[in-house]
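Heads up, the thing below is written out as structure tokens.
Number of protein chains: 4
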Amino acid sequence: MTDVQSILDRIGEAMQATKDRGTVAQYIPPLARVDPAQFGMAVAFADGRLFSTGDAETRFSIQSISKVFTLSLALGRLGDAFWSKVGREPSGQAFNSILQLEHEAGRPRNPFINAGAIATTDAAMAHHAPRDFLAELVQFVRAAAGDEDIHIDAAVAQSEQATGDLNRSLAYFMASHQRLQNPVEQVLGAYFHQCALSMTCVQLARAGLMLTGAPGAPRLMSPARRTRINALMMLCGHYDASGDFAFRVGLPGKSGVGGGILIVAPGKASIAVWSPGLNAQGNSKLGTEAAEMFAQATGWSVFS
Amino acid sequence: MTDVQSILDRIGEAMQATKDRGTVAQYIPPLARVDPAQFGMAVAFADGRLFSTGDAETRFSIQSISKVFTLSLALGRLGDAFWSKVGREPSGQAFNSILQLEHEAGRPRNPFINAGAIATTDAAMAHHAPRDFLAELVQFVRAAAGDEDIHIDAAVAQSEQATGDLNRSLAYFMASHQRLQNPVEQVLGAYFHQCALSMTCVQLARAGLMLTGAPGAPRLMSPARRTRINALMMLCGHYDASGDFAFRVGLPGKSGVGGGILIVAPGKASIAVWSPGLNAQGNSKLGTEAAEMFAQATGWSVFS
Amino acid sequence: MTDVQSILDRIGEAMQATKDRGTVAQYIPPLARVDPAQFGMAVAFADGRLFSTGDAETRFSIQSISKVFTLSLALGRLGDAFWSKVGREPSGQAFNSILQLEHEAGRPRNPFINAGAIATTDAAMAHHAPRDFLAELVQFVRAAAGDEDIHIDAAVAQSEQATGDLNRSLAYFMASHQRLQNPVEQVLGAYFHQCALSMTCVQLARAGLMLTGAPGAPRLMSPARRTRINALMMLCGHYDASGDFAFRVGLPGKSGVGGGILIVAPGKASIAVWSPGLNAQGNSKLGTEAAEMFAQATGWSVFS
Amino acid sequence: MTDVQSILDRIGEAMQATKDRGTVAQYIPPLARVDPAQFGMAVAFADGRLFSTGDAETRFSIQSISKVFTLSLALGRLGDAFWSKVGREPSGQAFNSILQLEHEAGRPRNPFINAGAIATTDAAMAHHAPRDFLAELVQFVRAAAGDEDIHIDAAVAQSEQATGDLNRSLAYFMASHQRLQNPVEQVLGAYFHQCALSMTCVQLARAGLMLTGAPGAPRLMSPARRTRINALMMLCGHYDASGDFAFRVGLPGKSGVGGGILIVAPGKASIAVWSPGLNAQGNSKLGTEAAEMFAQATGWSVFS
């Protein structure tokens, strides 16, 4: 499939030439220090073929993309009972907004806004210690990617912890409505570490294959569950810019503040793109543009 | 394709046997009087095949489903300039909420909430009289459906007008932010009549073919525009239950308070379902259930 | 009481010397044209003594100050039943916000925010024509002021009408919750004209005497009603800057976007101040400063 | 002044006969266990006279009434610089709402809603340890009341701590906006203990004398500061029922969830009333009724 490689080459060149690369996240030093000149992209197929361009082998902090993996674990543990804890509607608010929690009795709208992700981590933990949950999570991601060399970046986790007061506020708010089963500080500890998972585009693209349902892809969940996680990524994966991503790219995706985006082309392939500079909505600027170019070139939008 | 017919038969039987049929919309007498026992469904293919079950030839008020047609006209007239007037994000609020307008300077979040639909009608009207716009709209729907026997129900339009104070409030709010180009009462007149379009499931399914992009379907807009309208239907087509519909059905859809839902299976077919009783979110209760059964039976979810 | 005159003289000089005079309201031409260099103040006692400084005999548009008079009429007509229609709590929002209406089923929080004032006008009108209500209102204000030369400025009323879409939005919102008994356009017509009452500081100070309860003041309502109107002015009279006015001045007051403020010193006197430039909260900048100087100089704060 | 005593006697009898005594706060066991049959009231004059009725010598948890004392300390420490940290406007929201914080960058609207009170405690602490701040606070209240027998109820403080997740959420939200100078848990520790101050009506009435400005009252702050604290109590002292209290009672007051209310009649006397059952707004039901009867009987409303 020389086609995909030539598309990636073209995208890589275009991105290299782009001057406005967005703004690197500033809220923790390990992210603020990342060089905005970087750009990488990888496309993985279930039959093992992998195409890439740019810094596709450079590790970056996947941040909120980890929410997809935790959601998979939580659904695996609770099944549909999970949805009594967390909703599945777009919030119409910023990723870290607390407004909706007050209006809806502390129940977060979906698993991808911060509050919902914290509640999802709480559910996925069951009553285990954070370290046991994290071990299981890392193991799950490694199995999905078929790569043992995936780790949590302790320095990033520690920085998150040090600046996590808004997430603490969200968590205590939910706790005040009896929405969490574990002690708040333990849930947050697990959550901050989960966000500090460090992966390359190649690893991330491979890990996303489980969501494609393509023949030969790792089957880590039922087709129904896979389908529904894709639906959630489409509806809520880019916070309050999810509509824009669906409009421009037309594929389920989940972004992270580290500049990565995981994109699923159901039945076809899994795509990971990374560039640390963010647009005004907090999603990777070049990553979004690259995803749009890729979707147009391949015609892979689920809506066409 | 006896398959589709047998699926429809099965759905028709299941729906007939369902006791809890939801609640028929009460806000205007012509809707409140509709018999909740009715259920119809039709599936149209681009090659002319059409399958149906139940009351698929009974006319009903398509209400908000008309917003899809008006959006098509507005985009045809303005192109991407349209998006300076209306956003494309889910609102996280009820279909008739005014909160978001106050927070975002009178710019509605998407073309399918009431405020956004009114702004879309205003854009589609250009500076024509309501009657000229309505003539164009009806002509467009007839062309899409390949059926001249499609009309606006004057009694329904008049009832909408008589009870439309909340829509008036939305429209004047936008006008106070200079968001409308036509006089408010003219925009509302056009909007109330547009919502009063009366169609059968068969007609509606055929009219939806233009959005499938299936070979042979009427081509009334560019592929890019078609794809994007589908994306908007997926993200915002069921108001604050769009996430739920995406999760359960996995296909772009647009519901109306009259109990109809238009569903697009890109590349495959167009589906219309109708049953007047609504669920708590204001969408057809049996319609949603039938759509879910259909998507599961066919495996047509765009996310699988 | 040469004391009051010398206080006013001192204030008048200080205000004349003030360079930052705020910004004159721009939303209608008749207000935008007013010369910001003007400042007037008058203090009326129940025994007939009247002290003044500056442009105290110049007419200005009293705008929202008229809400005090309409509230008096509405309470006169309905008694405590009025409070089933309108609340009496500060809103914590801008004077023209619609948010609270959506959260509280269309019932405005108090009679002084725009929505509440429109509902109050509706109540005061009973089922009379706008012109009859307005005749009664003007008569009431003239009686309170003991001055027949008080009129509605037709040009201002017409301008309000032409730019009143936000007030229309508020009114239709309330109508959609069955909160108004008269047709919306009639209520608004009455409301726009009421706001266009034109008075001088001297007239306004005299008209406010009825709220002082001082011996000899016109008794146009029961002591209990008078006391309660003062309480409402204190809590809600300056919209979302009521706390600031209470903190700095310590007297019940009602401001208008024309730059006027009516202030009541219970048991003592009635004060009117006017300067057209507004501060960031939409209240007269110099008027507020003058009121603060006056309250400090006299020690008349109700809280001391 | 047998007058006041006979008024209190009449109120005491009326309250004893009242069947609907409201609902005792349930959120912590020490409050939930309090007998709702109790009612006490005390009126203190600056010349030492003290009148009382009912359970005026029974200790109760003053809860949010303590916010008045902490505010006094914070203003004493910071002067007007305090107002850069906390606003002075009614919030239009429940006492524990977090909405306003999100809309206004973490700056609480006034010192009496929970968020504002936590910020006030933080300011009053300066950089001292909680125990030092609490020692100073208790000393201040004892000095105001002229009574050494005033203490913090450790069991109540501990219960507050155990159920304080919503307050934690508020505090961490403010911390995320750099609004607190002390570690969150220390501020909260101080806050929970401050709310657990235990006093009788007699002690509380005497402690309130400092706010009356009556000749002979303890002078613990400047007249200007005293006046302004009264203004804040009037505008914000009963959360989202402050308008109602001003309307019905017409005197500055501060309520607590323990069922107490401290009321100031400027220039005249200080009143404390207590009955543990709360009304729908979370203020003492009988306490409010008694305050209204007292204000009507004495004519002490500041608005008359």
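First to last, the sequence lines map onto chains W, L, X and A. Letter 127 of the first sequence, counting from 1, is numbered 485 in the working numbering, and no numbers are missing. Letter 10 of the second sequence, counting from 1, is numbered 368 in the working numbering, and no numbers are missing. Letter 7 of the third sequence, counting from 1, is numbered 365 in the working numbering, and no numbers are missing. Letter 175 of the fourth sequence, counting from 1, is numbered 533 in the working numbering, and no numbers are missing. C-beta atoms are modelled at their ideal positions from N, C-alpha and C, and glycine is treated no differently.
Spatial distance of residue i from residue j (CA atoms)
i	j	result
W:A654	W:Q639	Looking at the sequence shown, residue 654 of chain W is not Ala but Gln. Going by the C-alpha atoms only, they are around 22 Å apart.
X:I423	X:A390	18 Å
L:T368	L:R446	At residue 368 of chain L the sequence reads Arg, which differs from the Thr that was named. Each residue's Cα considered, the two are about 36 Å apart.
W:L495	W:D505	14 Å
A:G474	X:A627	35 Å
A:E518	A:F550	6 Å
L:A589	W:D598	15 Å
X:A648	X:V631	8 Å
A:L433	A:F440	6 Å
W:A414	W:T376	18 Å
A:S600	A:L644	16 Å
X:I365	X:F652	7 Å
X:V622	A:I621	22 Å
A:A400	A:G614	16 Å
L:C553	L:I471	13 Å
L:G412	L:A372	11 Å
A:E650	X:P610	20 Å
A:V444	L:E543	45 Å
X:L436	X:R379	41 Å
W:W658	X:N454	47 Å
X:R577	X:G571	8 Å
A:S633	A:P388	15 Å
L:E462	L:H486	28 Å
Residue from the options whose Cα sits closest to the Cα of residue i
i	options	result
X:D393	X:I629, X:E647, X:L636 and X:F661	X:L636
W:P448	W:S430, W:N454, W:N468 and W:A548	W:N468
X:P488	X:A515, X:A502 and X:E462	X:A515
A:A502	A:V444, A:S556 and A:F427	A:F427
X:D511	X:M557, X:L524, X:H535 and X:K377	X:M557
A:V499	A:R379, A:A563, A:A463 and A:V545	A:A563
A:I508	A:A493, A:M568 and A:R465	A:A493
X:G617	X:E647, X:G464, X:F418 and X:A572	X:F418
X:A395	X:P466, X:T416, X:H461 and X:R407	X:T416
W:L524	A:E460, A:L408, A:Y385 and A:S410	A:E460
W:D405	W:M568, W:F605 and W:I456	W:M568
A:I386	A:V660, A:A520, A:Q451 and A:S527	A:A520
X:S642	X:T656, X:D361, X:G398 and X:R526	X:G398
X:S322	X:H486, X:Q497, X:S527 and X:W658	Outside the shown range of chain X, which is 359 to 662, sits residue 322 of chain X, and nothing can be said about it.
X:F403	X:S633, X:S662, X:P624 and X:G370	X:P624
L:D490	L:D361, L:V545, L:I456 and L:H535	L:V545
L:V560	L:D602, L:Q363, L:F409 and L:T381	L:F409
Paired residues, beta bridge with residue i - DSSP
i	result
X:V545	According to DSSP, X:V545 bridges with nothing at all.
W:I510	W:L555
X:M399	X:T411 and X:V631
L:F418	L:M557
W:I619	W:S613 and W:V631
L:S642	L:L636
L:V382	L:G635
Any chain D beta carbon closer than 8 Å to residue i
i	result
L:F453	Absent from the structure: chain D. Protein chains present are W, L, X and A.
The stretch 586-596 of chain W / the stretch 519-532 of chain W touching (three or more Cβ pairs under 8 Å): no
Contact the stretch 536-546 of chain L vs the stretch 476-487 of chain L: 3+ CB pairs below 8 Å: Touching, per the Cβ criterion.
Continuous beta strand (DSSP E) assignments of at least 3 residues falling wholly in the stretch 452-528 of chain X: Runs found: none.
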